[in-house]
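To start, the structure under review is shown below, and the notes come after it.
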C-alpha cells in the first residue's frame with residue numbers, strides 16, 4: 067500500500083504548477099481520502115476547480131500561509147502536508163524584501179506551528195537551488211525556511227510530526243518557465259534574449275518533481291534535505307531544442323542571478339550522502355528521538371559541490387527536444 071493511499075493531504079500554494087501536477091498524479095495513481103488545496107487566490111482556485119471537475123476528494127481552502135489560525139483550521143485531520151506556497155520572483159523580492167520575509171519565512175513557521183498543533187504526521191517543504199549559497203533576497207528567505215523546517219524536528223520532538231525539505235532546480239513546463247517564452251518569441255520571428263551564453267542550469271520535469279516529493283514522504287525520518295540527481299543543460303542547447311536556428315542576443319545576467327546553479331554547497335557536502343537517485347543533506351544537529359542517518363548512504367568526496375556546470379549528468383539538444391515533445 068502506497069504511503070498516500072487512504073490519507074488526507076494538504077498542499078499550500080496548491081494552485082501553482084507543482085500543486086496541479088501533484089493533485090493530478092495523486093488522484094490518478096493513489097487513493098487519497100481527501101486533498102486540501104490551500105491558496106490565497108480565489109480566481110486561480112476557480113480555474114483549477116474547473117480542471118478537476120467535481121472530484122469529491124478535493125477540498126478548497128482560501129487562505130494565506132501568513133495566517134496561522136487559518137492554517138490550523140485547514141490542517142484539521144490532515145496526515146501529510148506539502149508546503150509549496152512561496153513568493154518566488156527574484157527581482158520583485160529585491161524591491162519588496164519584507165513581503166518575501168513574511169511569506170517565505172514567517173509563513174513557513176506558521177505551517178510548522180499548525181502542523182504540530184493539529185497532529186500532522188509528515189511535512190515536506192519545497193526549496194530551490196537559490197537557497198544554496200544565496201545571492202539574492204529570495205534565496206536567503208528560502209534558506210531560512212529550509213533551516214526552520216529542519217530544526218522544527220527539535221521543536222516537535224515530543225510530538226508525532228516530522229519535517230523534511232526537498233530542493234531541486236528549474237522545472238521544465240512549470241509556470242514561469244523560459245520554454246513557452248522562447249517558443250512565443252520564435253513564433254513571432256523575434257530574437258531570443260540570452261542572459262549569458264555560458265549559463266548552465268539544472269532541469270527536472272514536473273512529473274519527476276512530483277514523484278520525488280512522494281518518494282521523500284516514504285523515505286523521510288525528519289530533518290533531511292533531499293536533492294535529486296538530475297541532469298544539467300546549457301542555455302544554448304535549450305534554445306536550439308526549443309527554437310532551432312532562431313537568432314539570439316545576450317542581455318547580461320540579472321541582479322541576483324548566478325551563471326551556474328548550485329544545490330549543495332561545498333560546506334554542506336560534509337553532511338551529504340549519495341543515496342540512489344538522490345543526495346541527502348543531513349541536519350546540522352539531530353537530537354530528536356528516533357532520528358537516524360540512512361544506513362546505505364555513501365559519503366560524497368571531500369570538496370564536493372553539486373553545481374550545474376560540474377554535474378556528471380547532461381542533457382544535449384536532442385535529449386532536450388525529446389523531453390519537450392512529451393510536454394507539448
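In this note's numbering, the protein residues as written are 67 to 394.
Every residue gets a Cβ at the ideal spot worked out from N, C-alpha and C, and that includes glycine.
Could one say the Cβ of residue 290 lies closer than 8 Å to chain C's Cβ atoms, at least one of them? Considering every chain present, this structure includes no chain C. It has just one protein chain.
Contact between the region 115–128 and the region 150–162: three or more CB pairs below 8 Å? As far as the Cβ criterion goes, the region 115–128 does not touch the region 150–162, which means the pair count is below three.
Report all residues from its chain with a CB closer than 8 Å to the CB of residue 260; omit the five preceding and five following residues, and keep chain order. Within the chain shown, residue 260 is the residue found at index 194, counting from 1. Hits under 8 Å: 301, 302, 305, 314, 315, 316, 317.
When burial is assigned at 16 or more other CB atoms within 10 Å of the CB, is residue 88 buried or exposed? Taking the chain shown and counting its residues from 1, the one referred to as residue 88 is at position 22. That one is buried.
Just reading off the alpha helix (DSSP H) that residue 174 is part of, what are its end residues? By one-based count along the chain shown, residue 174 stands at place 108. Counting along the chain, the alpha helix (DSSP H) containing residue 174 begins and ends at 173–184.
What is the rounded straight-line gap between the Cα of residue 264 and the Cα of residue 325? Locating residue 264 in the chain shown gives position 198, where the first residue counts as 1. Locating residue 325 in the chain shown gives position 259, where the first residue counts as 1. In a straight line, the C-alpha of residue 264 is about 7 Å away from that of residue 325.
8 Å contact criterion, which residue 237 and residue 272 should meet: CB distance rounded: Counting from 1 along the chain shown, the entry for residue 237 is found at position 171. Counting from 1 along the chain shown, the entry for residue 272 is found at position 206. Contact check for residue 237 and residue 272: beta-carbon distance about 6 Å, within the 8 Å limit, so the pair qualifies.
With a CB to CB cut of under 8 Å and the five nearest residues on each side skipped, what residues in its chain are close to residue 371? Here residue 371 is taken as the residue at index 305 of the chain shown, counted from 1. For residue 371, the CB contacts under 8 Å within the same chain, skipping 5 residues up- and downstream, are 328, 330, 331, 332, 335 in chain order.
Take residue 320 and list the residues in its own chain whose beta-carbon comes closer than 8 Å to its own, dropping the five residues that flank it on each side. Position 254 of the chain shown, counted from the start, is the residue given in the question as residue 320. If we look at residue 320 and ignore the five residues flanking it on each side, its Cβ neighbours are 156, 157, 261.
Say whether the region 190–199 touches the region 242–261, bearing in mind that this needs 3 or more beta-carbon pairs closer than 8 Å, one atom from each stretch. Flag = no, the region 190–199 and the region 242–261 do not touch.
Assigned secondary structure, residue 326 (DSSP; H/G/I helix, E/B strand, else coil): Position 260 of the chain shown holds residue 326. The three-state secondary structure of residue 326, taken from DSSP, is strand.
Would you decide whether residue 101 is buried or exposed? Buried here means 16 or more other CB atoms lie within 10 Å of its CB. The residue you call residue 101 lines up with position 35 of the chain shown. By the neighbour-count definition (other C-beta atoms within 10 Å, threshold 16), residue 101 is a buried residue.
Where do the ends of the alpha helix (DSSP H) carrying residue 206 lie? The residue you call residue 206 lines up with position 140 of the chain shown. Secondary structure note for residue 206: its alpha helix (DSSP H) is the uninterrupted segment 203–221.
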